[in-house]
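Heads up, the thing below is written out as structure tokens.
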Amino acid sequence: MASTAGPARLTRNALLQVLLAVPTLLALVLTVVGGATALLVVGIPIVLVGLPMLRWIADRHRSMAAEALGHPVPAERRPVDGQPVLRRLRTWAADPMSWRELAWAVVSTTVGFAISLTVVLLAVLIVTLVLWWFATPQLMMLRSRLDARLLSRGSHQLLEERVAVLTETRAERVEDSAAELRRIERDLHDGAQARLVALRMHLGLAQELVETDPTAARTLLAEAAATTGAALGDIRDVVRGIHPPVLADRGLAGAVEAIALDLAVPVQVTPDLPARLPAPVESAAYFAVVECLANVGKHADAEHAWVELRHVDDLLTVVVGDDGRGGADPAAGSGLRGVARRLAALDGTVRVSSPSGGPTLVTLEVPCSSSSPRTTPSSGTA
Amino acid sequence: MQLVLAEDNALLRDGLTRILEAHDLTIRHSVANAPELEVALADPEVDAAVVDVRLPPTLTDEGLRAAIAVRAARPGFPVLVLSQWVEHLYARELLASGEGGVGYLLKDRVGDIRDFVDAVRRVAGGGTVLDPEVVAALMARPRARAVDRLSPREREVLALMAEGRSNAAIAARLVITEKSVDKHASGIFTKLDLPLAPDDNRRVLAVLAWLD
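Sequences listed follow chains U and V, in order.
Counting from 1, position 338 in the first sequence corresponds to residue 869 in the numbering used here; the numbering is continuous, with no gaps.
Counting from 1, position 116 in the second sequence corresponds to residue 231 in the numbering used here; the numbering is continuous, with no gaps.
Right, dumping it as structure tokens:
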């Protein structure tokens with residue numbers, strides 16, 4: 532995230548900062564004095580002038596810091612629009628941003644002022660021009676970091692945001708799990724369980740008929756055998772939907788190769804996974820790839836597809852691409868949305884690039900560290 | 116015939132033992148985990164093995180790995196692999212050596228006792244037996260490959276070959292003469308560009324070409 536602004540532009544900012552130092556000090560004094568005397572009513576109009584002024588100046592510094600740092604320095608203020616004066620004062624007092632901005636004003640008019648002034652002086656004194664050329668980016672980076680630190684969100688606020696994200700993704704995950712359990716229950720109830728009941732009846736009838744009507748008994752036994760086969764098939768499907776055995780056996784790379792083998796479109800798999808990944812990551816990534824490849828088969832009209840799996844620096848990156856007609860809209864289908872939700876629970880992301888005419892590229896990223904180098908024991912028996 | 120049987124579930128192991136012994140096959144070693152299987156497979160007296168894909172201690176694909184390992188050490192050693200599910204990838208790995216005497220079946224098939232015992236004997240005799248489910252999945256996959264040069268009838272014959280049927284059995288199934296099965300088979304070998312070799316081996320290679 533290097534700065535895009537050159538020394539000249541940075542010096543212009545420094546000059547502006549030097550010129551703003553006096554208004555900043557004024558705003559700081561007005562806000563503090565006004566705040567301290569607000570209870571005596573006289574302070575209220577003073578704050579109403581001081582704080583907005585301070586905020587306006589702080590915003591100018593935010594954009595200058597953003598320019599130097601190459602990334603935005605957002606202000607997270609509590610909204611006061613349309614609030615009556617007293618309410619507005621209360622909101623301001625309760626907003627951590629106000630206090631951060633006050634603290635910033637103190638630093639800005641002292642240390643920050645000194646830095647900016649140095650830059651301006653270096654530029655003004657002709658003999659120091661060489662020094663100015665080299666030192667300005669460093670000094671301004673320092674000042675910008677200082678400003679950004681005080682003017683941006685505090686660790687408390689970052690935590691709050693993180694909690695909000697976690698609460699939302701957890702709620703989604705819980706909902707998904709509940710839906711998944713209902714689906715499994717229904718599948719077992721309508722499928723395997725019903726078939727086993729039929730099987731039990733056939734066997735009971737055959738038992739009764741074996742002496743009196745052996746031919747009928749034999750027919751019933753044959754039906755019972757067929758029903759058993761169907762019940763086993765149902766159970767197999769349910770198990771595959773929960774956790775595919777090949778994923779347990781071979782991990783993500785092996786499981787992706789296995790699905791690639793069974794597709795109509797030839798799929799090139801390039802696995803670069805030095806070790807097994809944590810089971811929830813493997814599972815989420817696997818079902819995401821299954822969904823993407825199913826989309827390729829259904830919509831893409833592709834000649835070839837490819838899957839790249841990479842795990843570098845604790846980040847799993849999966850790219851599913853095809854040379855089809857493109858135009859995939861991640862908002863249109865429920866499949867990719869479901870994938871995004873599933874990955875969001877692991878702080879993962881989904882990006883889709885699909886210009887009309889192709890190619891379509893779906894990039895999944897999930898942060899995770901790898902587990903054991905070989906297989907991890909899984910539950911269940913074969 | 117002396118067999119090794121590897122299956123971790125005691126109920127299934129008993130059932131399999133009963134079925135096989137009732138058909139005059141001797142279980143020389145009956146084992147429940149991978150280390151025991153390794154020891155049993157080192158016995159020079161055994162003729163073939165029936166192995167579950169999943170075995171303790173890891174309960175992943177240790178049985179399959181053991182099967183591949185023993186066939187690397189004793190080329191052509193007959194192994195029938197049983198599994199609760201069939202995985203195309205595993206079928207390909209089992210057949211990769213190009214040697215016959217290998218089978219891969221769903222456990223469900225054990226219910227058809229005659230077919231199952233027949234499969235054990237065919238594998239022990241050097242044949243190749245693939246589960247009809249793998250074969251069906253392959254049939255459903257339209258891909259531009261050498262196999263596409265085959266006529267519909269030749270594809271049918273190849274599918275039955277993959278299930279491990281003899282020419283006589285294929286003839287009976289398709290209601291044609293054994294001679295025309297023979298003709299289709301040599302058509303398949305020519306179209307798949309398989310070198311002259313004993314017919315049994317070429318059958319394996321034909322199935323392998325199809326799996327890829």
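Heads up, the beta-carbon is just placed ideally off N, CA and C, and yes, glycines get one too.
Asked, Found
"Between the C-alpha atoms of residue 231 (chain V) and residue 703 (chain U), what's the straight-line distance to the nearest angstrom?", "47 Å"
"Do we get a CB-CB distance below 8 Å when we pair residue 779 (chain U) with the residues of chain V?", "yes"
"Taking only beta-carbon atoms, is residue 763 (chain U) less than 8 Å away from chain V?", "yes"
"Which runs of the beta strand (DSSP E) fall wholly inside the segment 731 to 818 of chain U and span at least 3 residues, in chain order?", "798 to 803"
"Tell me the rounded alpha-carbon separation between residue 879 (chain U) and residue 676 (chain U).", "29 Å"
"Measure the C-alpha to C-alpha separation of residue 537 (chain U) and residue 867 (chain U) and round it to an integer number of angstroms.", "43 Å"
"Given that residue 336 (chain V) touches chain U, what residues does it touch there, using C-beta distances under 9 Å?", "Outside the shown range of chain V, which is 116 to 327, sits residue 336 (chain V), and nothing can be said about it."
"May I ask you to report which of helix, strand or coil DSSP gives residue 319 (chain V)?", "helix"
"Along chain V, in chain order, which residues have C-beta atoms closer than 8 Å to that of residue 760 (chain U)?", "223 and 226"
"Going along chain U, which residues have a C-beta under 7 Å from residue 203 (chain V)?", "789, 792 and 793"
"Taking just the CA atoms, how far does residue 564 (chain U) sit from residue 607 (chain U)?", "24 Å"
"Does residue 756 (chain U) come within less than 8 Å of chain V when only Cβ atoms are used?", "yes"
"Quick one: what does DSSP say residue 551 (chain U) is sitting in, helix, strand or coil?", "helix"
"Quick check: the Cα distance between residue 208 (chain V) and residue 183 (chain V), rounded to an integer number of angstroms?", "8 Å"
"With respect to the beta strand (DSSP E) encompassing residue 117 (chain V), which residues constitute its N-terminal and C-terminal limits?", "117 to 121"
"Would you mind working out which of U:681, U:871, U:797 and U:572 sits nearest residue 586 (chain U), comparing C-alpha positions?", "U:681"
"DSSP state of residue 202 (chain V), grouped into three classes?", "coil"
"Please say whether residue 234 (chain V) and residue 244 (chain V) have beta carbons closer to each other than 8 Å?", "yes"
"DSSP three-state label for residue 272 (chain V), please.", "helix"
"Could you tell me the boundaries of the alpha helix (DSSP H) in which residue 661 (chain U) lies?", "660 to 682"
"Assuming residue 586 (chain U) is part of the alpha helix (DSSP H), what are its boundary residues?", "574 to 600"
"So, does the CB of residue 252 (chain V) fall closer than 8 Å to a CB anywhere in chain U?", "yes"
"On the DSSP letters alone, give me the boundaries of the alpha helix (DSSP H) that residue 291 (chain V) sits inside.", "No alpha helix (DSSP H) contains residue 291 (chain V), which DSSP labels as neither H nor E."
"I need the DSSP call for residue 898 (chain U), collapsed to helix, strand or coil.", "strand"
"In the structure shown, what three-state DSSP assignment does residue 563 (chain U) receive?", "helix"
"Answer yes or no: do residue 197 (chain V) and residue 220 (chain V) have a C-beta to C-beta separation smaller than 8 Å?", "yes"
"Residue 147 (chain V): which of V:119, V:134, V:161 and V:138 sits nearest, CA to CA?", "V:119"
"Which term fits residue 708 (chain U), buried or exposed, when burial requires 16 or more other beta carbons within 10 angstroms of its beta carbon?", "exposed"
"Give the DSSP-derived three-state secondary structure of residue 138 (chain V) in the structure shown.", "coil"
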